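Here the structure is laid out as structure tokens; the discussion comes afterwards.
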Amino acid sequence: MVRMKSRRDLLKLDDRAVAGTVKAAVARTHGDYGAALCSIRFCVKYLNAHTGIVFLRFPKGCYKLLWSALPFITSIESRGQIIPCFFNCLHVGGTIRTCQKFLIRYNTQQLHRMLPKCKNEEEKRQIQEAILSCSLTGRGDEELEDELESEEEAGE
Amino acid sequence: MRSSAEEAESSGYQRVVLKNASPHHYLKVRLLLEDESPRVSAVDLKSFITSCLRGLHGEVGAALDVDVLTYDEETLTALLRVHSRGLVKLWSSLTLQGSYQNRACAFRVLQVSPFLLALTGNSRDLQLD
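For the record, the sequence lines run as chains C and H.
Last residue of the first sequence: 183 (my numbering), numbering continuous.
Last residue of the second sequence: 130 (my numbering), numbering continuous.
See the structure below:
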């Protein structure tokens, strides 16, 4: 599970652009051998353009090759635009479920970290309303993340 | 280990097993080309080996420390030295390289050993008449 940090907006990304960029980086760093080994069951499982979180799935035996190739990615090309970005690996998990649990914990930590930085009471009130209105079903995660993203924009 | 020491005392014969004996591995390789001209210098050979490594193993492979210890331009035979961890990468890249400057080529690996002294003698060249 990796997180992308970007200067410009990530909203125009799609998973094929990310997958293509990662495969090209692995091929550059580890050659034909690395490209073949890592692309056996490689896919982008989840991409959240708002918060910049990407879940990548690949065979467990070659995670080191992929992990070592990620810092060499400097930009993603998507729909004719070159977006400079940086991949930061947050968590390596065996199943999507563990990654999801980590993501929930990570998002709550981010929220706690950013909440004291709110500039005025109006934003605080809005965020509190949004969080309280989150339901406990699966949709709650998305709303939490959208609020996190708007909070990041407000924080910047 | 203790039993071998006892055997040494009794019979005067000792067997010593070294693991990871040498940090480097030495390869004697020969480059076969389709035609003989033009000549391949030592520098050309070194850059060719680096490009072979880059093709199969990427930038990480190209960063591998390979030294050309000796090179004979007439027979295109070279003695290479590489760290033991990089032996598999180097050997596989040399084996799978098929072309040099758009000419067909092949690397023949004649001898491999962790000890340089072992490459002085080759029982394959022995004449038994």
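Positions of the beta carbon are idealized from the N, C-alpha and C atoms, including for glycine.
Since this is a predicted model, take the numbers as computed values, not measurements.
Reference residue i; option with closest CA among the options
i, options, result
"VAL49 of chain C", "C:TYR60, C:THR101, C:GLU149, C:GLY79", "C:THR101"
"ASN21 of chain H", "H:TRP92, H:SER42, H:LEU88, H:LEU95", "H:LEU88"
"TYR101 of chain H", "H:ASN123, H:PRO115, H:THR76, H:PRO39", "H:PRO39"
"LYS72 of chain C", "C:CYS65, C:PHE82, C:LEU64", "C:PHE82"
"HIS25 of chain H", "H:ASP68, H:ALA63, H:THR78, H:GLU75", "H:ASP68"
"ALA96 of chain C", "H:HIS58, H:GLU74, H:LEU65, H:ASP66", "H:HIS58"
"SER48 of chain H", "H:GLY62, H:ARG16, H:GLU37, H:GLU35", "H:GLY62"
Simplified DSSP assignment, three categories, for residue i
i, result
"ILE131 of chain C", "helix"
"PRO111 of chain C", "strand"
"LEU142 of chain C", "helix"
"THR125 of chain C", "helix"
"LEU117 of chain C", "coil"
"THR96 of chain H", "helix"
"VAL44 of chain H", "helix"
"ARG166 of chain C", "Because the pLDDT of ARG166 of chain C is 44, which lies under 50, any placement of that residue in the model is unreliable, and the number read from its coordinates should be weighed accordingly. The answer is helix: DSSP assigns ARG166 of chain C an H, G or I state."
"PHE116 of chain H", "coil"
"CYS53 of chain H", "helix"
"ARG16 of chain H", "coil"
"ALA105 of chain H", "strand"
"LEU159 of chain C", "helix"
"GLY182 of chain C", "Unreliable positioning characterises GLY182 of chain C in this predicted model, as indicated by a pLDDT of 45, which lies under 50. The coordinate reading is nonetheless provided below. Helix."
"ARG125 of chain H", "helix"
Neighbour-count burial assignment, residue i, 16 or more Cβ in a 10 Å radius
i, result
"ILE110 of chain C", "buried"
"GLY61 of chain C", "buried"
"PHE114 of chain C", "buried"
"LEU33 of chain H", "exposed"
"THR78 of chain C", "buried"
"ARG1 of chain H", "Here chain H comprises residues numbered 2 to 130, so residue 1 of chain H is not present and cannot be evaluated."
"PHE116 of chain H", "exposed"
"HIS139 of chain C", "exposed"
"GLN98 of chain H", "buried"
"SER94 of chain H", "buried"
"CYS208 of chain C", "Residue coverage of chain C in this structure runs from 28 to 183, which leaves residue 208 of chain C outside it and unanswerable."
"ASN184 of chain C", "Past the boundaries of the shown model lies residue 184 of chain C; chain C is included only from 28 to 183, so the question cannot be answered."
"GLY58 of chain C", "buried"
Review point. What are the complete beta strand (DSSP E) segments, minimum 3 residues, inside the region 44 to 107 of chain C?
Key: 70 to 75, 80 to 84, 102 to 105
Review point. What residues from the region 37 to 71 of chain C come within 9 Å of chain H, judged by C-beta to C-beta, listed N to C?
Key: VAL53, ALA54, ARG55, THR56, HIS57, GLY58, ASP59, TYR60, GLY61, ALA62
Review point. Listed from N- to C-terminal order along the chain, which residues in the region 46 to 70 of chain H have their beta-carbon within a distance smaller than 7 Å of any beta-carbon of chain C?
Key: ARG55, GLY56, LEU57, HIS58, GLY59, GLU60, VAL61, GLY62
Practice item. Ignoring anything shorter than 3 residues or poking outside the region 56 to 96 of chain H, list the beta strand (DSSP E) runs there in chain order. Key: 67 to 73, 78 to 84
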